[in-house]
Amino acid sequence: LKSAFGSAVAPRGPTGSRLEQKRYREQTMAMADKLKSLPFISDKNNPIGWFVQGGLEFAADSRRLVQRCTKPDAKEFKKIAVACSIGFAIM
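The numbers in our numbering rise by one with no breaks, and the one at position 16 of the sequence shown is 139.
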């Protein structure tokens with residue numbers, strides 16, 4: 124991949140070819156293995172571990188949410204918009 128200035132850039136996510144996706148997964152797994160080798164990062168009783176583990180859980184939950192959710196169609200969007208409008212009017 125190339126940036127707007129012509130320099131090579133590493134892919135940010137698994138959006139390229141299968142080979143790029145495989146490399147991205149391998150890099151991600153290598154980073155995860157490095158994190159597991161530090162015991163205080165995986166210990167939730169340690170303040171740093173609590174912060175890191177909380178962030179990892181949040182990222183995993185967010186990824187699952189985005190994968191499961193779908194965009195509302197026009198009818199569902201209108202229903203949500205009307206419900207929000209009524210709620211604002213009552214407030």
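For every residue, glycine included, the Cβ atom is placed at its ideal position computed from N, Cα and C.
Between the alpha carbons of residue i and residue j, how many angstroms are there, rounded?
i: D196; j: F211; result: 22 Å
i: I213; j: K198; result: 23 Å
i: A182; j: Q176; result: 10 Å
i: N169; j: Q144; result: 34 Å
i: G178; j: S185; result: 10 Å
i: S165; j: Y147; result: 23 Å
i: P162; j: Q150; result: 21 Å
i: M154; j: S160; result: 10 Å
i: R141; j: R187; result: 22 Å
i: Q190; j: D156; result: 25 Å
i: K201; j: I209; result: 12 Å
Counting only the same chain and skipping the five closest in sequence on each side, list residues whose C-beta sits under 6 Å from that of residue i.
i: K167; result: W173, Q176
i: A206; result: none
Relative to the ligand COA, is the shortest distance from any of its heavy atoms to the C-beta of residue i smaller than 7 Å?
i: C192; result: Only the bare structure without any ligand can be found here, which leaves the ligand COA out of the picture.
CB-CB under 7 Å to residue i, same chain, minus the five flanking residues each way: which ones, in chain order?
i: I203; result: P195
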